Structures are given as structure tokens and as C-alpha cells.
Amino acid sequence: MGATILVLAECRDGAFKRSTHEAVGAARRIADDDGGSVVAVALGARATAAAAGLGAYGADRVLCCDDESLDLYQGQAYAATLAAAAERESALLVLVPASALGKDVAARLAARLDAASACDLTEISWSPDGGLKGVRPVYSGKALATVSVPAGVRTVATLRPNVFPAPAADASREATTETLECPLDTSALRVRTVRVELPEEQELDVAEASIVVSGGRGLKEAANFSLVRDLAAALGGAVGASRAVVDEGWIPHKHQVGQTGKVVSPQLYIACGISGAIQHLAGMSSSGTIVAINKDPEASIFKVATYGIVGDLFEVVPALTQAVKDHTSS
Amino acid sequence: MKFLVCIKHVPDTETKVAVHADGKRLDPQAVSKWGASPYDEYALEQALLFRDAAGEGEVVAVCAGPQTCQTTLRTMFATGADRAILVEHDGLESAESLTRAKALAAVVAREQPDMVLLGKYGVGTDEGTTGPMLAELLDWPHVAAISSLDLDGSSFAARRAVEGAVEIHEGSLPAVFTCDKGLNEPRLPSLRGIMQSKKKPIETLAPGDLGLDDPSTTEPKLRWDAFALPPGRPEGRVIEGDPETAAKELVRLLHVEAKVL
Ligand SMILES: Cc1cc2nc3c(=O)[nH]c(=O)nc-3n(C[C@H](O)[C@H](O)[C@H](O)COP(=O)(O)OP(=O)(O)OC[C@H]3O[C@@H](n4cnc5c(N)ncnc54)[C@H](O)[C@@H]3O)c2cc1C
Ligand SMILES: Nc1ncnc2c1ncn2[C@@H]1O[C@H](COP(=O)(O)O)[C@@H](O)[C@H]1O
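In C-alpha cells:
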């Protein structure tokens, strides 16, 4: 009999996030190599209601902790519940999406289980006899580390979003559900998430988007960010920024891409008026296709670009927005 | 109130990464400058702000690593820390995060602070696991990557950005926080601070003093087998023509060649 691989299923508004589908898919591929099984863990009031759908992505069973007090992220309780699941299933490998929630809970879980912690993997292989082998970007992507954990050592691994393919849903597969209790008294937590504020306008997060359009100091002033926003909107992408413009206060920090911002790897990254400083490249050079628009042909950003346009962004970006619109409508 | 600020000594972000001859790690020769990880500066600043607002309290900077970390701790003195502790061991800097968290937990047990502040992640290894691990080991409340923190007696309210939203956490001290950009504007070391920092003693402890195992004899659970530069990107292409022509050609290439549209 093969091993059991545990996966944290992260639920948002009653639906699982794409990064969860990716993690379930990765677990499925690993499990299939030796006839193992994939067991997901879902928490929150609507866990059971949503859970069966995970079967379509490759889960065999879903352990559900239907506790309303766990609708929002409660770190201690989530970690304790996952640890209980890992013990109950004797799981040696736990996969967690490397989201804000996932990164936090995975670290807590590793401490709780005294397990190995492998972060932000972009490649993973695992077997009960071989242990884990993985690749993770370090120095914000300026280098790649190959890491391993020996066989028999329990491992908590987080998977970088947007890297592992999300499997196509196979509606003929269903997962069975079981209940799981949180071992902690959730009314006695000494810290709790009391609420979540959504921005007035729901924006796509750069770390999750498959297309990112970023603006830099070449935009000259805050108001001109509309050029970047328009192009992002036409492409259905998220808006990113260099640190220079975040520091100027033109756009909030959550949009910053780079070594001290978010590390992104979308399918398409478009840099407008960004020079390509080492700290910026660190955050985006693993993107699938990179487009650079800059008036300086010597700008470093062109060194990583798949396609470059040397020119004035005030002319090129609106023309590109128009060309994208024409393409979409044709 | 007593604040413990955890400082990781890391290569400067300008570092051009080069591979060590053993093929397993960063070549230290490539690093011209070391210093506190950028996010740790927000952690220190927050402790200084609380101390200065209260007009009393103690800010203790702690670093686990080799003797060379002293320079970074001196900068913390120059910026305003009252005390500095070095848990000195050559292996602690590159030890896996759980080992580092255990060392920091031992310092917490000894110092009994009301609050522990860390960076969101240490640049380089980019993990961000030490803070949450430390909180679990201590069984203390914890909020990761905070962008604001308000205190009211021993109660706190913290905000943290998650994908597309902000979470508001409330709890009670003692607690652990990891700090994100936006929390505050870190001050620079003052000239007077720099002068004074030279005279202040750094308290140095060996892992054994804290009841910890010798990090050089403990087998790491996670091993670094290889360290390599990412594969170079294929040569790019410059698209010529006036803005409209170039834009059209780019959209065509994104559609038929890159297949992203
Ligand atoms: C510790 C540390 C951490 C850092 N972390 C980050 C990080 O996370 N992310 C990050 O981005 N940076 C980071 N930086 C900053 C980084 O070093 C650069 O300063 C920054 O990325 C520059 O931003 P920029 O490209 O927008 O501006 P600039 O370097 O000023 O470049 C502007 C570009 O716009 C072009 N331009 C001007 N006008 C036009 C026009 N009309 N049309 C077309 N092009 C035009 C110019 O040719 C130029 O290339 C960090 C720095 C440090 C020290
Ligand atoms: N060796 C260390 N000494 C002191 N603090 C550390 C050490 N390693 C990590 N930290 C703290 O933990 C944070 C996160 O580091 P990491 O988990 O390595 O990304 C850092 O920003 C520091 O505040």
C-alpha cells in the first residue's frame, strides 16, 4: 500500500483557490507513482459542502473541520488541526500552497511536528523510500537551490502558486468526506483574526495573476499609472510596480514586484518604464514571457525580455492597449 | 516593556550571486557587504517607536550566527537598541529555520520579553518560517507580515495584507510578530549612536549556554544539495516600427508565438 499525502485545501468564500487545485494535482502525481492516496484537509463552516469537489482535482478523501470559528484564518487552530490530521493519517508528506495563509500555517506545522520545512518549491518529487527532492528559488530567484529530505523524515512543503499545473477538473471523480475535530478550544485562542477588509475595488493580486503589467519611474507621475491600469484591464491582468514608484507613494506597496516586494511568475509580464535593477529582476525574471517597454535601449530590463520595444511609453503603451482591445474583439 | 528584535545577518541585496566551488551554496566571496535583512529594520523601528512613546522599556537585538554578525549588531546599537545578544556559532547562520527558531526560543526563555519582533523573511533564503516556528515553540500568539500594530495595555490589534485583502488580528501579549514594509519608516543610525555603539558590549552566548545542542553535530532535516544560477533566458527580440506597428506586431507575437493571448 502506498503512502498518504496530506494537502491543505484553502477555501475562500466557499470555493477552493486555484493554488489548492495545483497542490492537490501535485499530490496526485506523486501518489500515483506508488499507489498512494491524496487526503485533503478543509476548515471552516462550509468545508464539507465544498469538499467533494476536490475529488475532481485528484483528492481521494477530504477531512473536514466544519467549524464556523475557523472561517477566517486562525493560525494556532489551523496548525493544530493539520497536525492532528498528519498524525491520524501517519502522513510523512504535507503539501501546502505557498499563499499568505499557507506559508504561515506550514511553518507552524513544521515546528509542531518537528518536521523538515521545504519552502516555495517550484519542482517536487517524493517517495516513501527516496524522501523529498525539490527545487526552490533563493535570493529572490537570482539562484536555484536543489534541496532534499531523507526518507522517513516528515516533511512540510509549500508549493509556489502558478508554477504547478492545475489539473483539469474530472467531474466523474468524487472524494469521500470525513469529519475532523480541531484539538484546540477555539473560544480560548489568545489571538484571532477578527475580520477581513476587502478593498473597495476588488483587484487581482500580482502574486496570483497570470498576467502582470508593471509601471516604473518612467511614468513620470502618479496620475500616469492609468496607462498601466488600462493595459492591465484590457489584458485581464494585475497591476505591478517598481519600488521607486511605491516609495514615491504613487501606488501601495502590495503592488511592488521584486526582492522586497512580491516575487511573481506570471505567464506574461510587461514592464513599462522600468530600468530593470537587480532587485526588480529578482522578483520577475522567472515569468514565462517578458515584455519590456523602455526608451533607453541599454536598460537592463531588455536583458531578460522576450520582446522589447524601444520607445516612449506614453506612445507605446496606449497603442498596445488599443491593439490588445482590437485583438480581443476580433 | 521589553522588546526582543531578531536580526538576521544577510548579504546585501545588490549582491551578484555567484556559486561556491562546492556547488552547494552562495560564494561568500561574491558578497561585498553584509547587514541586517531589510525587513528586520521595520522590526527594530517598531520596538524603538513603542519604547520611545512609553518613555521607558528596553529594546534587545538578538542575532544567531558567527562572530562576523557583530558588525550588524553594532548597527542596531547605533540605531537605538539598548542591548545586543549574539548567540555565536558558525553553523547557526545557515542552519535550517527550525534550528534557528529553537535558538531564538531559548533566548526568549532567558530574556522574558513582552514582545518578539522579526522580519517577514530573511532576504536570501526567503523563507519567512522562523517567526511562526518561534511562536509555535513558545505557544505564543503570532501575526505574520504585519503592516500596522496598535497596543492598548497588553492587548494588540494588527493588520496584515493577504492576497487581495487585509486581515485584522486581535490578541494579547506576550506575542510574536513578523514585520512587513509599510509598518513604519525605519530611522538611520545617528552619528552619536555610531560613536556610542563602539563602546557598548555585545553579550555573547554559546549554544551550550542556552541548553541547545551543538548545531554542527545535528543532522539537518532539509539539505541543500546544489545551488545554481537559473538557466539564462533565450536572447530577446526588439520589435521595430512606429508605436502602432510595433504594438500590433507584439500582440501578434504574444498570440501566435508566445501563446499567452
Ligand atoms: C534593499 C533594496 C531593496 C529593493 N527592492 C526592490 C524591489 O523589491 N523592487 C524594485 O522594483 N526595486 C527594488 N529596489 C530598488 C531598485 O534598486 C531600483 O531603484 C528600482 O527598481 C528602480 O525603479 P524604476 O525602474 O521604476 O526606476 P528607474 O531606475 O529610475 O528607471 C526608470 C526607467 O524608465 C525609463 N523611462 C523614462 N521615461 C520613459 C518614457 N517616457 N518611456 C519609456 N521609458 C522611460 C528610463 O529609461 C528608465 O530605464 C531595492 C533597492 C534596495 C537597496
Ligand atoms: N540567525 C538568526 N538570528 C536572528 N534572527 C533570525 C535569524 N534567522 C532568522 N531570524 C529572524 O527571522 C526572520 C525571518 O527569517 P527566515 O525565516 O530565515 O526568512 C528574520 O527576518 C529575522 O528577524
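Sequence lines, in order, name chains A and B.
Each residue of the first sequence is one higher than the one before, counting from 420 in my numbering.
Each residue of the second sequence is one higher than the one before, counting from 56 in my numbering.
Where a beta carbon is used, it is the ideal one built from N, C-alpha and C, also for glycine.
Please read these numbers as outputs of a predicted model, since none were measured by experiment.
If you draw a straight line from the Cα of residue 721(A) to the Cα of residue 293(B), it is about 9 Å long. For residue 176(B), same chain residues with a beta-carbon under 7 Å away, outside a window of 5 residues either side, are 94, 182 and 183 in chain order. In terms of Cβ geometry, residue 705(A) and residue 682(A) form a close pair [threshold 9 Å]. Taking a Cβ-Cβ cut-off of 7 Å, residue 441(A) has no neighbours in chain B, whose nearest Cβ is about 14 Å from it. At least one heavy atom of ligand 1 sits closer than 8 Å to the Cβ of residue 733(A). Residue 512(A) sits close to residue 576(A), with the two beta carbons spaced by under 9 Å. Not a single CB atom of chain B sits nearer than 9 Å to the CB of residue 631(A).
For residue 241(B), the closest Cβ of chain A is not nearer than 9 Å. DSSP assignment within the region 677-719 of chain A yields the following whole beta strand (DSSP E) runs of 3 residues or more, N-terminal first: 687-691 and 708-713. Within the region 539-551 of chain A, 539 place their CB atoms closer than 8 Å to a CB of chain B, listed in sequence order. At least one CB of chain B lies nearer than 9 Å to the CB of residue 697(A). Taken through DSSP and simplified to helix, strand or coil, residue 294(B) comes out as coil. Taking a beta-carbon distance threshold of 9 Å, residue 117(B) does not count as an interface residue toward chain A. In terms of beta-carbon proximity, residue 105(B) stays away from the interface with chain A, with every pair separated by 9 Å or more. Residue pairing by DSSP places residue 170(B) opposite 58(B) and 230(B) in a beta bridge. For residue 64(B), the shortest separation between its Cβ and any heavy atom of ligand 2 lies below 8 Å. Between residue 578(A) and residue 515(A), the CB-CB gap stays under 9 Å. As a beta-bridge residue in DSSP terms, residue 258(B) pairs with 140(B). With a cutoff of 8 Å, residue 202(B) does not count as near ligand 2, since its C-beta is closer than that to no heavy atom of the ligand. Under a criterion of Cβ atoms nearer than 8 Å, no residue of chain B is adjacent to residue 693(A); the nearest Cβ is some 15 Å distant. Inter-segment contact for the region 72-86 of chain B and the region 667-686 of chain A is absent: fewer than three beta-carbon pairs are separated by less than 8 Å.
Counting every other CB atom within 10 Å of its CB across the protein chains shown gives residue 589(A) a total below 16, marking it as exposed. With 16 or more neighbouring CB atoms inside 10 Å of its own CB, residue 148(B) falls in the buried class.
Interface with chain B (9 Å Cβ-Cβ cutoff): residue 424(A) is excluded. At least 9 Å separates the CB of residue 272(B) from every CB of chain A. Using a CB distance cut-off of 9 Å, residue 596(A) does not count as an interface residue toward chain B. For the region 189-201 of chain B, the beta-carbon criterion of a distance under 9 Å to any beta-carbon of chain A is satisfied by 189, 190, 191, 192, 194, 195, 196, 197, 198, 199 and 200. When rounded, the separation of the alpha-carbon atoms in residue 534(A) and residue 528(A) is 8 Å. A direct Cα-to-Cα measurement between residue 626(A) and residue 250(B) gives close to 43 Å. For ligand 1, a non-hydrogen atom lies closer than 8 Å to the CB of residue 691(A). The beta-carbon of residue 721(A) is placed less than 9 Å from the nearest beta-carbon of chain B. For residue 569(A), the nearest beta carbon of chain B is closer than 9 Å to its own beta carbon. Scanning chain B for C-beta atoms nearer than 7 Å to the C-beta of residue 627(A) yields 218, reported in chain order. Residue 245(B) is outside the set of residues whose beta carbon lies under 9 Å from a beta carbon in chain A. Considering only 541(A), 499(A), 536(A) and 558(A), the residue with the shortest C-alpha distance to residue 701(A) is 558(A).
Any Cβ of chain A closer than 9 Å to the Cβ of residue 95(B) would place that residue at the interface, and such an atom is absent.
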